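Have a look at the structure below, then the notes.
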Amino acid sequence: MNMKKSGTRMSLAAFAALLMAGSTATVGAQGQQITVIQGGTLIDGLGGAPLANSVVVIEGDRITAVGAAGQVNVPNGAEVIDATGKWVLPGLVDAKANWNWMYGEAFLHYGVTSAMVSGGRNNSGLADRDAINHGIYRGPRLFQTAVTINGPGPDLDQADNYAPGSGNRRIYTGEQGVEHVRTLHEVGADFITFQNGDGPPDLFAPAVEEAQELGMGVVFRAMGPQSRAREVCEMGDGIVYVHTGNVGSQIATDEAKWAEYISLPPMAYVDMDEAKVEPMIDHLRGCDAYLEPDLIATARGFPRSWERIRQEAFSVFEDPKLTAYYSAYAIGNLYDNIEPADTWMEPEPLALRRTGFQNHGRFLKRYVDAGGKIVAASDITQSAPGLGLHAEFTVFVEDVGLTPMQAIQSATKWVSEGFRIPDVGSIEVGKFGDVLILDADPLQDIWNTRKIHMVIKSGHVVDREYDPSFRGWMFSNTRDEDAGPVVTGGAWAAAVKRTFRPNTFSVRGEPGIPGTIPNFYTSPTPGIEAIFPYNVTRGSGETTLTVTGFNFVQRSMVYVGGEAVPTTVKSRTEIEATIPANVLASAGKLGVVVKNPEPVADPIWGDTSNAAYVLVPFEFTKTLPQPAW
């Protein structure tokens with residue numbers, strides 16, 4: 281089990297040992313809140329029969345007792361929540377949240393108390409996770425992969441284009457993959473994601489083995505063409521397969537037809553060969569594969585209740601408190617993604633994709649019937665934040681044919697198992713006190729998971745109202761860009777560099793400086809290519825920042841967080857700037873630009889460089905080593 285990481289996590293073994301060691305005083309006596317949920321019908325996430333008239337005790341942020349009324353002691357001084365006539369479930373866990381700071385409150389609003397961020401968000405993701413866990417701002421409990429591991433490309437010839445702050449990097453040897461895993465583990469990444477399967481199995485296998493030996497979950501977007509579900513299954517047990525591991529391409533009647541297919545389902549399932557289905561299911565069951573189909577994203581437009589799901593997504597943004605900070609572009613992008621399929625596809629491919637979707641669903645149903653497990657994911661921006669997970673439940677039940685209980689497990693216990701995150705996903709002693717209370721029985725109608733009475737996270741009732749001043753953008757490059765590379769605007773900077781060539785301007789003479797640092801009559805536009813350091817822990821004190829780039833002149837000035845800072849121009853390509861201690865006293869992201877003196881040579885390009893960003897995480901966040909990462 282993977283029991284490392286964020287400050288609020290604690291191993292179940294350690295928690296049990298604490299109880300067994302005779303800690304008989306109530307947590308309330310130790311100054312922690314005690315919350316008791318009683319009278320509701322408990323669906324604990326484990327798949328057993330519901331327990332009527334249940335009692336759940338949460339002390340601090342952990343569940344300390346679960347059972348039937350009369351069998352569980354209710355501590356004195358507890359805050360009692362009467363759940364009579366309600367249904368009590370674990371807080372939901374999203375298996376694939378393509379995270380953006382704007383999603384935080386919406387996830388909580390819809391009962392999603394944990395989310396797996398399998399797309400790389402680098403140090404910004406780690407800082408986000410820890411800030412939420414320490415109560416700096418609201419959001420689900422995030423589990424981060426930090427940086428995904430890619431192969432060398434479909435043709436095995438692509439260069440590693442990793443830049444500091446980027447979300448993925450390529451490997452070319454098994455040893456390199458192992459070192460990447462160790463580095464990510466050291467800084468507290470919660471699991472490892474392998475992206476795309478664009479490399480031979482023996483390239484990825486050592487890194488998969490290392491991750492699992494370290495107790496980390498493994499997620500594989502096994503699209504191929506070299507490594508897909510069949511090959512990944514040989515690398516290790518208990519791996520999560522994004523987009524079902526492109527299984528459709530390996531159970532087709534003519535596999536050669538799909539040998540180079542690395543796109544999303546459902547097209548690959550159009551030619552599904554029934555004779556290959558059972559052998560593939562047996563193979564995947566043999567390695568305990570957790571399939572993540574992402575149907576609400578990859579098959580959007582085809583589920584039978586799509587129009588109802590679509591209208592439901594529109595309703596999310598009727599609350600002006602949410603739209604006060606939610607990006608209009610992001611809302612528009614979502615609306616485009618949920619258009620009916622017949623508005624963006626011709627009849628023939630539409631019919632083929634519908635067949636593929638139906639075959640994919642039949643494969644998943646047979647896999648679960650055989651004892652396999654699938655995990656639910658919203659895969660935003662293909663669905664509404666928070667609500668998308670409920671939509672995936674609907675598709676699992678109505679289109680795939682799972683039972684409501686299986687759909688619930690797909691976003692609770694099964695996600696916990698697949699990602700090796702043991703502290704979430706079920707209502708058991710020692711787990712986080714994350715609870716979803718419903719007004720109607722989800723086992724009778726899966727749409728009832730939307731009928732939310734109350735959400736509890738870490739033992740505290742969540743205020744489901746949106747806050748127009750929500751500050752979850754603290755570690756984003758900007759409020760619109762979310763996380764991103766340290767240096768942005770690379771294409772713009774390259775164009776500037778091509779446009780303004782050295783020694784093409786008249787230079788104002790300066791005694792003692794024979795042109796090493798030019799002092800032009802009209803300034804060229806500057807550009808930033810790198811900065812160092814780009815991660816500076818809050819409270820570090822005065823820090824020297826080195827900026828490298830081009831078109832720096834004697835009177836160039838560095839601005840950090842919108843304010844000019846002491847600047848020393850070392851050469852045409854290097855500047856040293858001093859970030860004052862008071863600027864680093866608060867956590868967040870600091871924008872860095874270089875400005876050249878006016879007049880500028882070309883007003884179209886302007887006097888200001890592209891932007892770079894210094895991450896200032898809280899002191900409880902460990903960041904990837906720089907400059908290597």
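In this note's numbering, each residue carries its 1-based index in the sequence shown increased by 280. Note that the Cβ used here is the ideal one computed from N, Cα and C, for glycine as well. All values reported here derive from a predicted model rather than from experimental measurement.
Quiz prompt | Option nearest Lys-653 by Cα separation, candidates Lys-601, His-733, Gly-518 | solution = Per the Cα distances, Gly-518.
Quiz prompt | Neighbourhood of Leu-326 by C-beta, 7 Å cutoff - its chain only, sequence neighbours within 5 removed | solution = Lys-693, Ser-706
Quiz item: Taking the C-alpha atoms as reference points, what is the distance between Asp-719 and Asp-747?
Solution: 24 Å
Self-check item: Option in Phe-676, Met-625, Gln-318, Ile-611 with minimal Cα separation from Gly-581
Solution: Met-625
Practice problem: Look at the Cβ atom of Phe-832, then the Cβ atom of Lys-777, and state whether they are nearer than 8 Å. | Solution: Result no, Cβ atoms of Phe-832 and Lys-777 do not sit closer than 8 Å.
Quiz item: Would the beta-carbon of Pro-806 fall within 8 Å of that of Ser-836?
Solution: yes
Practice problem: Would you check if there are 3 or more beta carbon pairs closer than 8 Å linking the region 511 to 526 to the region 595 to 612? | Solution: no
Self-check item: Simplified DSSP assignment, three categories, for Ala-443
Solution: In this structure, Ala-443 counts as coil in the three-state DSSP scheme.
Practice problem: Scan the region 651 to 707 and note each continuous alpha helix (DSSP H) run of 4 residues or more that stays entirely inside, going in chain order. | Solution: 667 to 675, 684 to 689, 693 to 699
Quiz item: To which residues of the same chain is Ile-793 closer than 7 Å at the C-beta, ignoring the five residues directly before and after it?
Solution: With a pLDDT of only 44 at Ile-793, under 50, the local geometry of the prediction cannot be trusted, and no value is derived from it.
Quiz prompt | Pro-370 - containing beta strand (DSSP E), residue span | solution = 367 to 370
Exercise. Could you tell me how far apart the beta carbons of Gln-318 and Val-335 are, in whole angstroms, since I believe they sit closer than 8 Å?
Key: 5 Å
Quiz item: So the beta strand (DSSP E) Ser-851 belongs to, where does it begin and stop?
Solution: 847 to 851
Practice problem: On the DSSP bridge assignment, give the partners of Ala-892 in chain order. | Solution: Val-767, Val-872
Exercise. Please state whether DSSP places Arg-818 in a helix, a strand or coil.
Key: If DSSP states are grouped into helix, strand and coil, Arg-818 belongs with coil.
Self-check item: In chain order, each alpha helix (DSSP H) run of at least 4 residues that lies wholly inside the region 570 to 628
Solution: 575 to 578, 586 to 596, 600 to 603, 608 to 617
Quiz item: Start and end of the beta strand (DSSP E) containing Ser-334?
Solution: 334 to 339
Quiz item: If we count Cβ pairs, one from each stretch, closer than 8 Å, do we get three or more for the region 520 to 537 versus the region 720 to 732?
Solution: no
Practice problem: Would you please verify whether the beta carbon of Ser-851 is less than 8 Å from any beta carbon of chain B? | Solution: Although the question refers to chain B, the structure presented lacks it and comprises just one protein chain.
Quiz item: Which residue comes first and which comes last in the beta strand (DSSP E) that contains Ala-509?
Solution: Note, Ala-509: premise wrong, no beta strand (DSSP E); alpha helix (DSSP H) at 509 to 513.
Exercise. Evaluate Leu-904 with the Cβ neighbour count: other Cβ atoms within 10 Å of its Cβ, from every protein chain shown; 16 or more gives buried, anything less gives exposed.
Key: buried
Exercise. Give the straight-line distance between the Cα atoms of Tyr-801 and Asn-613, rounded to the nearest whole angstrom.
Key: 46 Å
Quiz prompt | N- and C-terminal bounds of the beta strand (DSSP E) containing Met-837 | solution = 837 to 840 is the extent of the beta strand (DSSP E) around Met-837.
Exercise. Can you tell me which of the three DSSP states Val-742 falls into?
Key: coil
Practice problem: Find the nearest neighbour of Phe-817 within the set Ala-775, Ala-861, Ser-803, Glu-843, judged by alpha-carbon distance. | Solution: The amino acid occupying residue 817 in the given sequence is Thr; Phe does not appear at that position. If we check each option's Cα against that of Thr-817, Ala-861 comes out closest.
Exercise. Note down the Cα distance separating Gly-433 from Gln-475, rounded to an integer number of angstroms.
Key: 10 Å
Self-check item: Residues that Asp-362 bridges to, as DSSP identifies them
Solution: Gln-318
Quiz item: With contact counted as at least three CB pairs below 8 Å, one residue from each stretch, are the region 567 to 574 and the region 632 to 652 in contact?
Solution: At 8 Å Cβ cutoff, the stretches touch.
Exercise. Could you work out which residue in Pro-481, Arg-751, Phe-500, Thr-425 is closest to Thr-463 when comparing CA atoms only?
Key: Out of Pro-481, Arg-751, Phe-500, Thr-425, Thr-425 has the C-alpha closest to the C-alpha of Thr-463.
Quiz prompt | Phe-898 - DSSP class collapsed to helix/strand/coil | solution = In the structure shown, Phe-898 sits in coil (DSSP, three-state: anything other than H, G, I, E or B).
Quiz prompt | Residues that DSSP places opposite Val-827 in a beta bridge | solution = Under DSSP, Val-827 takes part in a beta bridge, and its partners are Ile-811, Ile-855.
Exercise. Starting from the C-beta of Phe-676, find all residues in its chain whose C-beta is less than 6 Å away, skip the five residues before and the five after it, and write them out in chain order.
Key: Leu-682, Ala-687
Exercise. Check Thr-344 in the structure and name its three-state DSSP category.
Key: strand
Quiz item: Among Asp-882, Gly-320, Glu-628, Asp-341, which one has its Cα closest to the Cα of Gly-713?
Solution: Asp-341
Quiz item: Going by the beta-carbon positions, is the gap between Ile-717 and Lys-366 smaller than 8 Å?
Solution: yes
Self-check item: Coarse secondary structure for Ala-844, derived from DSSP in three states
Solution: strand
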